[in-house]
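This report concerns only the one structure given below.
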Amino acid sequence: MKYILFFVAAASTLWQMSFQYHSWWNFFLLSTISVSWILGTVYTYDCIQALTGRSSPYYREFYGELKKDFCIALLSGLSLTFIINISSAAYSLSSIDIAFAGFPFLLLSMYDSFALKKQKIVGVRLPKAMTRSIIGLQLFIIGVFIYYLIKVNSGAFAPAESLWIQITLLLTALCLCVFTHQMVFILTKQRMEISPTILGLFESIKMSRGVYRQAGEMAEQWNKIIFNKKLEQRRKKGKKHKR
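Now the structure itself:
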């Protein structure tokens, strides 16, 4: 799998380097969201492993919740592709069917972001500044998504550029959907786990060995803190009942 990841990273980078940028901010913005090629590949691999029963029960349940969302996004993209193909206009890479498949992911991620406002950690809600920052970031990404959809559909980019941008937007939306739902899932479960699939992938890459394992150690520490706070709450409730 690591070789597939290397290939995706190299292909995306070389493909992007062939573009002619007319502004530095356009280059910076697209370069920033292009990390979704790598992250999206990792999430896709993790999802396949989980849905085929080759991951932990925690992640099988997590991706099981997202399975319906993935199907909705796929059907949205296929429906738009079908409509474009049966229309009188000739199909081109400037059509937005590929990127538009990611729009449901953005809507689902927004739904989860607002759901975070109601989530609690051991009876305490998340700080408003944190939830507002997440929602603000979501709105910014949606704005970027719509901006590039309009540019692609208006023929502002060459066909090869349009295709790369569409794939990048789709993967960005996918990553955002998985990330925000993972936050909701963690708070609902009041427990955090690292993916054994991603751990195995990182351990197979020499330069990243130990990085994801450290995240696992931090997750265990977080779980212990939450567990101890829950015990403390139960003791306080027990004392109140005795009175």
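Quick note on the working numbering: the sequence shown kicks off at 500 and runs consecutively.
The C-beta atom is built at its ideal place from N, Cα and C for all residues, glycine as well.
Quick caveat: nothing in here was measured; it's all calculated off a predicted structure.
Endpoints, alpha helix (DSSP H) assigned at Phe656: Here Phe656 belongs to no alpha helix (DSSP H), and DSSP marks it neither H nor E.
In three-state terms, what does DSSP make of Lys619? Lys619: strand per DSSP, three-state reduction.
Let me know the alpha helix (DSSP H) ranges lying completely inside the region 673 to 707, each 4 residues or longer, listed in chain order. 695 to 702
Rounded to a whole number of angstroms, what is the C-alpha to C-alpha distance between Leu528 and Thr667? Rounded to the nearest angstrom, the two C-alpha atoms are 11 angstroms apart.
Who are the near neighbours of Ile641 in its chain, counting only those whose CB is closer than 7 angstroms to its CB and skipping five residues on each side? Leu605
Taking 8 angstroms as the threshold, find out whether the region 711 to 724 comes into contact with the region 684 to 691 through three or more Cβ pairs. yes
Answer yes if the region 536 to 552 comes into contact with the region 697 to 713, meaning at least three C-beta pairs across the two stretches below 8 angstroms, and no otherwise. These segments touch.
Between the C-alpha atoms of Ile685 and Phe726, what's the straight-line distance to the nearest angstrom? 14 angstroms
Among the candidates Ala572, Phe561, Ile595, Arg733, whose CA atom is the shortest distance from the CA of Ser661? Closest option to Ser661, Cα to Cα, is Ile595.
How many Å lie between Thr450 and Ser586 at the Cα? With the chain running from 500 to 742 in the structure shown, residue 450 is simply not present.
Taking its Cβ as the centre, do 16 or more other Cβ atoms sit within 10 Å of Ala509, making it buried, or is it exposed? exposed
Residue nearest to Ala659 in terms of C-alpha spacing, selected from Leu513, Leu504, Ile582: It is Leu513.
Restricting to Cα atoms, I'd like to know which of Ser707, Gln637, Ile620 is closest to Phe613. Gln637
Given this structure, state the Cα-to-Cα distance separating Ile537 from Ser511, to the nearest angstrom. 9 angstroms
Buried or exposed: Pro603, going by 16 or more other Cβ atoms within 10 Å of its Cβ? buried
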